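Those protein sequences? They're chains A and B, same order as listed. Residues in the first sequence are numbered from 1 upward in steps of one, following this note's numbering. Residues in the second sequence are numbered from 1001 upward in steps of one, following this note's numbering. One structure is given below, encoded as structure tokens.
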Amino acid sequence: MKDKTKETKKRWYSALIPSKRRLIQLYAALLFNANLKGFGNGYIYMGQVKNICTPGLNCYSCPGASGACPLGSLQNALAASNKRAPYYVIGIIMLYGILLGRWICGFLCPFGLIQELVHKIKTPKLKKSVFTRALSYLKYVILVLFVVVYPLIYVLTKTTAMLPAFCKYICPAGTLEGAVGLLSNKENVGLLSMLGPLFTWKFILLVSFIVGSIFIYRFFCRFFCPLGALYGLFNKIAICGIKLEKPKCVDCGLCVSKCKMDIRHVGDHECISCGECISVCPTKAISWKGSQFFLPPDEIGTTDAEREQIEKRNEAIKRRNRRIGIAVTAAMVALLAGVLVYFNFIDKAPTPQTPSTEEQPPAPEGGEQPTLGNQVGNLCYGADISIVGADGEIFNVNNTRGKLTIVNFWNTGCQPCVEEMPHFDEFAKAHPDTVEVIAICSNFDAGYVADFVAENFGDYSIKFGLDLPEEVYFFQLGGKGTWPMTLVLDGDGVIVYRAYEKISYEKLESLYQAHMVSE
Amino acid sequence: MIIQESYQKKIRLVFKIALSIQVAVVGICLILSCLTIYHSGESPFTVASIAAQFAKISLPVYLLLLGICLGAVLAIVMPPEEARPTAKIDVAVKLKKRYEKLGDAFASASDELKKACERERRVRLAYRIGCAVICVAATLPLVLYLFDLSHFTTALNESVIAATVRVIPFVTIGGVSYLVMCRLINVSLQRELKLVESMMEQTDCKGSHVTKSAVGKNEQMRTVIVRAVLLVVAIAMICLGVANGGMRDVLGKAIKICTECIGLG
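Written as structure tokens, this is what we have:
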């Protein structure tokens, strides 16, 4: 009876305790999303650490994301390759590929973890076959078409279009981590106005991928993930991963049968180095690369003295391994703790600032002065914005009384921002004396912005300005970290409209009719 | 005990089917809710309307969550026997092993059999070339379409959707030709396997286990050199990227919410 209870307890324990691989996956997911305060305040991390790409698929628009997504960065770098060769991102991806290969997929990718967790739901599972093997090549088509060709095509057409096609049309990590993560925070209620057909499509795709992952192991990874396709190209030469010792291999096929990925043999481009095959190999031909350092040599002594010596050596190796394991675990725990403390308590990355109420512009003639603020109905904060390409010229909303003032925030990497510029220009030209438009760019490089404006909007009549350092004015006027943002001020400088999305000419005209013609 | 085990199997099977139906139902409900909100004509969407729409599907979601919890309990209380992986040796591997066992006895096999084996190899090569030709032929019109930049106006979504729709038939042709090729190659390998087995009977070859040689030092050296070269190239590219402002571009994009990435706009 006691043995049976012990057996049951052991079964419960072994069913509940996560494996080492699962622990590493959870660790990596937490490390790459260490900005936990972002989930609370609804803002993404905007610090310097985002210079570095995380190895797995982790959307940089996730409120918790501590690094950049390599796939999103690659698409944006290719889309801007007419301005700058994409050395940095390609170098980073190559470095990860050579060091880790698809070990990243098996151990470090947060979206891979999500798929494995939902796959645990007890439903019938679709086994791999020659069809799934054929379908696994689809991710290479997606890599070529959506990650490389579409962004480059728009460089060749020399339009202002910038298209991270995979991120925009397919990536479920962006929808789950970015959209759901941001929209579930009440601070981002304003973003709901931007929901449309694109979000509907991406949400349907996300649900399909999650449901697919429940029935098919790593549904997205195997058939759709271009990052896995890229890393798979490095799998054979990667320093980390699984290796097969050919002299020991008897070609029994047990490793391929056990593996849930579409491998032909262990360590090929489909292998995610999860290590599940190691335990089934009858001849112990499969092991981790570099494991010979940790394993005792395969020796059998002939005499008692030799056997005793070998046993002592093996014990010493085991003790050394235990010490190394403890040291590495302690270092990893300390790293994670340090990162969490840094991101959530120490890092002074720019965040939306509470606007200052010290400076108050002169009250409009007659009537009660509305409160200074950044909401509709408030008197808009003013700031001295320097005009691009006009040295010394300053723009301030406090100096545009009597005109309908459009304050637009944009940046050079934002496609919707660039698409709506012609509407502002047309509107400004239609009402040259009664409308003032300022398009304030949030970008680090003044020279780059000046070149961009000269090349794409050279003949426009609207003004282009540069935001204050660390985008202070953008956040002061209620910016949420998304672009474009447009505020419309009436003749008294009061905010009458705000949009966190592209604005049409018709909307601008209707606002003009409502606030300028009636006045 | 046997009856109890089979009873457990039936319970697990019924539970799995019920849970998969629940998953499908919840998936469909989520998609339909999203479509309903989109087609409601409300602009802008409000938290209240979205919450109200999703509240309508809360029952199937709760049932699914309950099912998941029950499944976890079932897995602990009535754990299934872990299915042992069955060794399934690839036909190509089987053939290779037969050839290794045949060894030098291949030379003394009949000419007819040797010619038949050679024919099968040529047939498989022909299948591979045929599949490659079909894939290239299928890709060519697509490449010509993509290279014609007039198809890619500033109407981004329309251009991309049109191009992607064009890709689908070609990808399907490529996929089908690959599957057909795999099937035909498999049949050819089976035929060659029978021929080799006939050779073994003919030459009365029992064969002995052939020890595979380890990866040669030359091959190991080649791998190390390739790794070292690519590592140096990667680090050099990163340094170049930092110098030419590529790293700053990554930061510039990463610190702004990518509305397209998250499906907004």
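Cβ coordinates follow ideal geometry from the N, Cα and C atoms, glycine included. Source: prediction; values computed, not measured.
Contacts of Q48 (chain A) in chain B (Cβ-Cβ under 8 Å): L1251, listed in chain order.
Unbroken alpha helix (DSSP H) run spanning A165 (chain A), endpoints: A165 to Y169
Within-9 Å CB hit, S1104 (chain B) to chain A: In the sequence as presented, Ser is not what sits at residue 1104 (chain B); that position holds Asp. Taking Cβ atoms only, chain A never reaches closer than 9 Å to D1104 (chain B), which makes this a no.
9 Å Cβ cutoff, I1262 (chain B) in contact with chain A: yes
Cα-Cα separation between V1250 (chain B) and D445 (chain A), rounded to whole angstroms: Note on geometry: alpha-carbon atoms of V1250 (chain B) and D445 (chain A) lie some 13 Å from one another.
Residue from B:C1258, B:A1243, B:I1028 and B:G1245 whose Cα sits closest to the Cα of G174 (chain A): B:C1258
C132 (chain A), enclosing beta strand (DSSP E) - first and last residue: For the sequence presented, residue 132 (chain A) should be read as Thr rather than Cys. First-last for T132 (chain A): V130 to L135, but that is the alpha helix (DSSP H), not the beta strand (DSSP E).
H1260 (chain B) to A1083 (chain B) span [Cα, whole Å]: Note that residue 1260 (chain B) is Glu in the sequence shown, not His. Rounded to the nearest angstrom, the two C-alpha atoms are 44 Å apart.
Residues of its chain near Y1177 (chain B), where Cβ-Cβ distance is below 7 Å and the 5 sequence neighbours each way are ignored: Checking the sequence shown, residue 1177 (chain B) turns out to be Ser, not Tyr. Contacts found: C1131, I1134 and C1135.
Any C-beta of chain B under 9 Å from that of V496 (chain A): Interface annotation, V496 (chain A): not in contact with chain B, CB-CB separation never under 9 Å.
Beta carbon proximity, K122 (chain A) to chain B, threshold 9 Å: Taking 9 Å as the threshold, the shortest C-beta distance from K122 (chain A) to chain B falls below it.
Residue environment, R1267 (chain B), which counts as buried when at least 16 other CB atoms sit within 10 Å: Because chain B here runs from 1001 to 1265, residue 1267 (chain B) falls outside it and cannot be looked at.
Local Cβ density within 10 Å of V1232 (chain B), reported as buried at 16 or more and exposed below that: exposed
Spatial distance of V1171 (chain B) from A1138 (chain B) (CA atoms): 8 Å
Three-state secondary structure (DSSP) of G377 (chain A): coil
Cβ shell of S1198 (chain B) (< 7 Å), same chain only, five flanking positions each side left out: Excluding five sequence positions before and after S1198 (chain B), the CB atoms of its chain that fall closer than 7 Å to its own CB belong to L1113, given in chain order.
Burial state of I98 (chain A) (16 or more Cβ within 10 Å): buried
Chain B contact for S504 (chain A) (CB, 9 Å cutoff): Interface residue (Cβ-Cβ distance to chain B less than 9 Å): S504 (chain A) is not classified as such.
Contact with chain A by F1054 (chain B), beta-carbon distance below 9 Å: no
Top-ranked residue by Cα proximity to A439 (chain A), from A:G47, A:Y169, A:L254 and A:P484: A:P484
Whole-Å CB distance - N374 (chain A) paired with L508 (chain A), under 8 Å assumed: With a Cβ gap of about 20 Å, N374 (chain A) and L508 (chain A) do not count as contacting.
Selected residue, minimal CA-CA separation from D467 (chain A), among A:N58, A:A331, A:V449 and A:Y460: A:V449
C-beta neighbour in chain A for N1218 (chain B), strict 9 Å: So no, N1218 (chain B) is outside the interface.
Coil, strand or helix - K20 (chain A) by DSSP: Look at K20 (chain A) here: in three-state DSSP terms it is helix.
Cβ contact (3+ pairs, closer than 8 Å) linking the stretch 307-314 of chain A and the stretch 269-281 of chain A: Contact check between the stretch 307-314 of chain A and the stretch 269-281 of chain A: fewer than three CB pairs, one atom from each, fall below 8 Å, which does not count as touching.
Chain B contact for R264 (chain A) (CB, 9 Å cutoff): yes
Endpoints, alpha helix (DSSP H) assigned at K243 (chain A): Note, K243 (chain A): premise wrong, no alpha helix (DSSP H); beta strand (DSSP E) at I242 to L244.
Per DSSP, cross-strand counterpart(s) of Y497 (chain A): Note: Y497 (chain A) sits in a beta bridge opposite A:V488.
Between the CA atoms of E311 (chain A) and K168 (chain A) - distance to the nearest angstrom: 59 Å
Contact under 9 Å by Cβ, F1147 (chain B) with A1163 (chain B): Taking 9 Å as the cut-off, the beta carbon of F1147 (chain B) is found no closer than this to the beta carbon of A1163 (chain B).
Enclosing beta strand (DSSP E) for V1242 (chain B) [first to last residue]: Segment K1217 to A1243 is the alpha helix (DSSP H) holding V1242 (chain B); no beta strand (DSSP E) there.
Assigned exposure category for F409 (chain A) - 16 Cβ within 10 Å defines buried: It is buried - the Cβ of F409 (chain A) has at least 16 other Cβ atoms within 10 Å.
Chain B contact residues for P197 (chain A), given Cβ-Cβ distances below 9 Å: Y1038 and N1157
A430 (chain A) versus A:D459, A:A454, A:E455 and A:Y505, residue with shortest Cα-Cα distance: A:Y505
Spatially closest choice to S279 (chain A) from B:P1085, B:I1057 and B:K1010, by CA coordinates: With distances taken between Cα atoms, S279 (chain A) lies closest to B:P1085.
Separation of F1054 (chain B) from V89 (chain A), as counted between CA atoms: About 40 Å.
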